[in-house]
Amino acid sequence: ETGVTQSPTHLIKTRGQQVTLRCSSQSGHNTVSWYQQALGQGPQFIFQYYREEENGRGNFPPRFSGLQFPNYSSELNVNALELDDSALYLCASSGLAQMGKDTQYFGPGTRLTVL
Amino acid sequence: QQPVQSPQAVILREGEDAVINCSSSKALYSVHWYRQKHGEAPVFLMILLKGGEQKGHDKISASFNEKKQQSSLYLTASQLSYSGTYFCGTEIEYGQNFVFGPGTRLSVLP
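Note that the protein sequences, when read in sequence, are chains A and B. Mind the numbering: the first sequence is residues 139 to 253 in the numbering used here, read in order. Mind the numbering: the second sequence is residues 26 to 135 in the numbering used here, read in order.
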């Protein structure tokens, strides 16, 4: 196990609702990245937080937003849910803001189903 | 831009070798390799940086050919535990534009 935890494990929402997913990073890590993984595909980068500031964003609309707290845990918020938002949401923590220099440790993920 | 991985899938017998390739049309700063088992999170294998290097541990190694912008993951004497989907992740700039490939599904049979 990596020490990265995510909650909840599974979640079912209906279209138009809002959802908040949570991630606790590994001890000593100050950077958290969020990914969306659709079934049978590779993880897609949503955004990264370093010391409570967004530090990079992928090709996702503004209704995907996040927060990082002083203890480096993080939240992913998705507003106005769409059916295509159904996916496994992964968070990964690392020790540095620059992913090129450090390993990312993934949490077990939250499986979101939008009906 | 998403890197290209090949093959899409491979089936091996225990003890056989496999090579998985990851290529990009853009100059890469780094290549990361991860393995994901069904229903589990991706697990880090190794990072290779530009400059063309090779890394390995146990029977899994990788190389990065900067001229070709291609990385190869080598699995030798495969074990049942190697089964899973292997993803490469590429970075075009230092700390920027990290993108995972579509994955290569590896199945090792007894």
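Heads up, the beta-carbon is just placed ideally off N, CA and C, and yes, glycines get one too.
Integer Cβ distance of A:Gly194 from A:Phe185, believed to fall under 8 angstroms | For the purposes of this step, residue 194 of chain A is taken as the residue at position 56 of the first sequence. For the purposes of this step, residue 185 of chain A is taken as the residue at position 47 of the first sequence. A:Gly194 to A:Phe185, Cβ: 6 angstroms. Contact.
Beta carbon of B:His57, beta carbon of B:Ile72: below 7 angstroms?
-> On the second sequence, position 32 is the one that residue 57 of chain B refers to. On the second sequence, position 47 is the one that residue 72 of chain B refers to. Yes, these two residues count as a Cβ contact at 7 angstroms.
Taking three-plus beta-carbon pairs below 8 angstroms as touching, is the segment 156-174 of chain A in contact with the segment 203-222 of chain A?
-> yes
Residue burial classification, A:Asp192 (beta-carbon count within 10 angstroms, cutoff 16) = Counting from one through the first sequence, the residue named residue 192 of chain A turns up at place 54. Before going on, a small fix: residue 192 of chain A reads as Glu here, not Asp. It counts as exposed.
For B:Tyr54, which three-state DSSP category applies?
-> The sequence position of residue 54 of chain B within the second sequence is 29, counting from 1. Coil at B:Tyr54, not helix or strand.
Anticipated Cβ contact below 8 angstroms, A:Gln179 with B:Pro127, distance rounded | Numbered from its first residue, the first sequence carries residue 179 of chain A at position 41. Numbered from its first residue, the second sequence carries residue 127 of chain B at position 102. With a Cβ gap of about 6 angstroms, A:Gln179 and B:Pro127 count as contacting.
Would you verify that the beta carbon of A:Phe244 is, or is not, closer than 7 angstroms to some beta carbon of chain B?
-> In the first sequence, residue 244 of chain A corresponds to position 106, counting from 1. So, interface residue.
Please confirm if B:Pro32 has its CB atom under 7 angstroms from at least one CB of chain A.
-> Along the second sequence, one-based indexing puts residue 32 of chain B at 7. Chain A contact via Cβ: absent.
Is it true that the CB of A:Ala230 sits closer than 7 angstroms to the CB of A:Ala93?
-> Here chain A covers residues 139 to 253 and nothing more, so residue 93 of chain A does not appear.
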